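Remarks on the structure that follows.
2 protein chains.
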Amino acid sequence: MLKFLGRRVALIALLGLVLCGSGALLARAVASDPLPSWNDGPTKQSILDFVARVTKEGGPDYVAPKDRLATIDNDGTLWVEQPIYTQFAFAIDEVKAQATKHPEWKTTEPFKSILAGDLKGLAAAGEKGMVEVMAATHSGMTTTDFDKTVKAWLETAKHPRFKVLYTDLIYQPMLELLDYLRANGFKTFIVSGGGVEFMRNFADKTYGIPPEQVIGSSGVTQYQMWDASPVLVKQPKVLFVDDGPGKPEGINHFIGRQPIFAFGNSDGDKEMLEWTAVCQHLCFMGLVHHTDAVREYVYDRNSDVGKLDKALDEATAKGWTVVDMKNDWKTIFPPAKTSP
Amino acid sequence: MLKFLGRRVALIALLGLVLCGSGALLARAVASDPLPSWNDGPTKQSILDFVARVTKEGGPDYVAPKDRLATIDNDGTLWVEQPIYTQFAFAIDEVKAQATKHPEWKTTEPFKSILAGDLKGLAAAGEKGMVEVMAATHSGMTTTDFDKTVKAWLETAKHPRFKVLYTDLIYQPMLELLDYLRANGFKTFIVSGGGVEFMRNFADKTYGIPPEQVIGSSGVTQYQMWDASPVLVKQPKVLFVDDGPGKPEGINHFIGRQPIFAFGNSDGDKEMLEWTAVCQHLCFMGLVHHTDAVREYVYDRNSDVGKLDKALDEATAKGWTVVDMKNDWKTIFPPAKTSP
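Line order of the protein sequences matches chains A and B.
Counting in my numbering, the first sequence runs from 1 upward without gaps.
Counting in my numbering, the second sequence runs from 1001 upward without gaps.
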């Protein structure tokens, strides 16, 4: 985390020096903008205003640092979720990698379709098929072995369109937002429908969010002794689904109090935003709306992945902040890593 | 938390001034001892040595601050658990308080026994009876209403022997240990078999541990709309039991990584200590052994509450630190609050 921040600070400092040659005034403006990848306008201003109000000591909306909790979705809010959730891409690759150990998969759906590269056949297996794939690839091993597999995959697997690592497909404006919140005393949490043990393998390095501040869907683990040494073995059984109403339930389960700031991008975030909206302080609710087909993707009401329909209506009706990705974000991904 | 620390610092400063009159040398010795309520000896020294080694930059056992996690049991480790767990005393009082709303309890066990003050009858109902009492008093209300009830009870209910609030029956040496760990960069967590929502109502004020660092047994909650406003309603269904093997499972579920320091007092902590013992750094495992009948209680292998048998054998065999309460602790409770 320190290393990560250090790198970013060094980059900003370097940028400042370069700009200094062409105009000292501009350099100062860049250095003082905590959200440089956000275009000026009402969206950016709503964030700046909120943070200014809750941090103004003696002001009517002041919130003590210990109560400044921010809960932020992951898939589609912090990183790309199209064309399929990254964790599902991992599961598909794992089926292929483990196929020789499971000869029965050649004749059993949905594994047969995956091995034949038939994504339509996989889709036909529906949610039940997906659950089977997740169970087969996310259980039966120790948590330590699972972590190693996930880390190795994240270091090599490439996104089918952008041809870069998945962890390069994080949103630069949201990284700046996370830094800005933390610089203003916020404790930042991920609250995602994704698997908690999958996310904990990259959230610290990628977002500066330690494992204990990552909340997500969870499987059952079982404490066992292997060769007289204790291990936790992942079981093919769901403990907790952290999506939709499961998000406020998960926030209560893991955090035990309400956030004052929440950001999502889909109907799966609706209840988390509603729950945040009744916080005991000034509250901020935000949505990322994917409106940029050239630099990222365009999708909302009719998407299979990250469907944004009811939450968009509620955000509009209640005046929550909605990011128009195309117009509000100057850049999408961290510099010098991706080209669309 | 700041207020809490402030009070303690003020007390220590005052103590320093008083002692200063009788001997400046002694005052300096007191001021420099981070664990003044611990008698000098191998137990105290094992803690001081461990912290010195993991915080010594450049040393062979150095652990970066971000990896300094401490997980500490609550009942019997941070506060009194005899003659019955405090949360169960709360549940019994709640049955009495809610009895007029439940006329059927007059004729239904185990409620009938509780209302008649017949603790033997309650004991005869066994674990099933206890589960019924817990379900009846810990579900059906919103999390907000439950919190209000717990807080009100903690402000008035008195311990049957010590005649003081339960939150006054916390162990002064363990408070000093928590402060000492945090002053050395540790993140302190409670990991208890007790109910997480019960503990989160006093852990911050009492121990300086915020709700999101309190891990415990958990019930299911359900997100609902009451009068068009979102609430979380506590359900009579167990989500997670954080005891025995459930402790390392819970640490993985909530924290996602291993502690390097763990403290408990019963067989329910055995697996947590075993799991800590295989951490990737220098690891510390400790147990509180209740050996002081005069100032607190004496119990271990044959106790119904906080049974310490197998974990004591394992601690002895493996050289874990075992606190002999009578001889290792100079004081038991915070000053000027209790007399036995």
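Just so it is clear, CB atoms sit at the ideal spot from N, CA and C, and this is done for glycine as well.
No experiment lies behind these values; they were computed from the predicted model shown.
Item                                                                                                                                                                                               : Value
Can you tell me where the beta strand (DSSP E) holding residue 324(A) begins and where it ends?                                                                                                    : 321 to 324
Could you work out which residues of chain B lie near residue 223(A), taking near to mean beta carbons separated by less than 7 angstroms?                                                         : 1245, 1248, 1249 and 1271
Starting from residue 1225(B), follow its DSSP beta bridges and name the residues at the other end.                                                                                                : 1230(B)
Give me the residue from 154(A), 322(A) and 248(A) with the minimum Cα distance to residue 290(A).                                                                                                 : 322(A)
For residue 152(A), tell me which candidate among 187(A), 140(A), 218(A) and 165(A) has the shortest Cα-Cα distance.                                                                               : 165(A)
Contact between the segment 55 to 75 of chain A and the segment 184 to 197 of chain A is defined here as three or more beta-carbon pairs at a separation below 8 angstroms; is this criterion met? : yes
Using a Cβ distance threshold of 8 angstroms, determine whether the segment 1173 to 1182 of chain B contacts the segment 1200 to 1209 of chain B, with at least three qualifying pairs required.   : yes
Return the chain-ordered list of same chain residues with a C-beta closer than 6 angstroms to the C-beta of residue 297(A), the five sequence neighbours on each side being excluded.              : 82 and 290
Given that a residue counts as buried once 16 or more other Cβ atoms are within 10 Å of its Cβ, and exposed if not, what is residue 229(A)?                                                        : exposed
Out of curiosity, what's the CA-to-CA distance linking residue 202(A) and residue 1137(B)?                                                                                                         : 41 angstroms
Starting from residue 1208(B), find everything on chain A with Cβ-Cβ shorter than 9 angstroms and list it in chain order.                                                                          : By Cβ distance, chain A contributes nothing, its closest Cβ being about 11 angstroms from residue 1208(B), past 9 angstroms.
Do you know how far the Cα of residue 149(A) is from the Cα of residue 269(A)?                                                                                                                     : 29 angstroms
Under a CB-based cut-off of 8 angstroms, is residue 1275(B) close to chain A?                                                                                                                      : yes
Which value, in whole angstroms, describes the spacing of the CA atoms of residue 367(A) and residue 246(A)?                                                                                       : Outside the modelled stretch of chain A, which goes from 1 to 340, sits residue 367(A), for which no answer is possible.
Flag this pair as touching only if the segment 270 to 288 of chain A and the segment 126 to 146 of chain A have three or more C-beta atom pairs under 8 angstroms; answer yes or no.               : no
Counting only beta-carbon separations shorter than 8 angstroms, does residue 1255(B) have a partner in chain A?                                                                                    : yes
Are there 16 or more other CB atoms within 10 angstroms of the CB of residue 1003(B), so buried, or fewer, so exposed?                                                                             : The pLDDT assigned to residue 1003(B) is 40, lower than 50, so where the model puts this residue is not dependable; a value taken from the coordinates is nonetheless given after this. So residue 1003(B) counts as exposed.
In whole angstroms, what is the alpha-carbon distance linking residue 1073(B) and residue 116(A)?                                                                                                  : 51 angstroms
At 8 angstroms on the CB atoms, spell out the chain A contacts of residue 1169(B), in chain order.                                                                                                 : Going along chain A, no residue has its Cβ under 8 angstroms from residue 1169(B), so there is no contact; the nearest lies around 23 angstroms.
Considering just the uninterrupted stretch of the beta strand (DSSP E) at residue 1069(B), what are its terminal residues?                                                                         : 1069 to 1072
Helix, strand or coil, according to DSSP, for residue 1134(B) in the structure here?                                                                                                               : helix
How would you call residue 1335(B), buried or exposed, if buried means at least 16 neighbouring beta carbons within 10 angstroms?                                                                  : exposed
Am I right that residue 260(A) and residue 119(A) are in contact with their C-beta atoms under 8 angstroms? What's the rounded C-beta distance?                                                    : The Cβ separation is near 41 angstroms, so there is no contact.
At 7 angstroms on the CB atoms, spell out the chain A contacts of residue 1143(B), in chain order.                                                                                                 : 252
Mind checking if residue 1200(B) is an interface residue toward chain A, Cβ cutoff 8 angstroms exclusive?                                                                                          : yes
For residue 170(A) versus residue 35(A), is the C-beta spacing smaller than 8 angstroms?                                                                                                           : no
Tell me residue 1187(B)'s beta-bridge partners as DSSP assigns them.                                                                                                                               : 1069(B)
Which residues in chain B sit within 7 angstroms of residue 232(A), going by Cβ to Cβ distance?                                                                                                    : 1248, 1249 and 1252
Excluding the 5 residues flanking residue 1190(B) on each side, which residues of the same chain have their C-beta closer than 8 angstroms to its C-beta?                                          : 1071, 1072, 1073, 1074, 1078, 1199, 1203, 1207, 1209, 1213, 1214, 1215 and 1216
State the beta-bridge partners of residue 287(A) as determined by DSSP.                                                                                                                            : 264(A) and 322(A)
Classify residue 1305(B) as helix, strand or coil using the three-state DSSP reduction.                                                                                                            : coil
Would you please state the rounded distance, in angstroms, between the beta carbons of residue 114(A) and residue 84(A)? I believe it to be under 8 angstroms.                                     : Wrong, their Cβ atoms sit about 12 angstroms apart, outside the cutoff.
Rounded to whole angstroms, what's the CA-CA distance from residue 1023(B) to residue 1061(B)? Just pull it up for me.                                                                             : Confidence at residue 1023(B) is low in this model, with a pLDDT of 43, below 50, so the placement of that residue should be treated as unreliable; the coordinate-derived value is given next. C-alpha separation (whole angstroms): 37 angstroms.
Rank 1097(B), 1087(B) and 1293(B) by C-alpha distance to the C-alpha of residue 1167(B) and give the top, closest one.                                                                             : 1087(B)
Leaving aside the five residues before and after residue 1173(B) along the sequence, list all residues of the same chain whose C-beta is less than 6 angstroms from its C-beta, in chain order.    : 1037, 1038 and 1329
Can you give the beta carbon distance from residue 237(A) to residue 219(A), rounded, assuming they're within the 8 angstroms contact cut?                                                         : 6 angstroms
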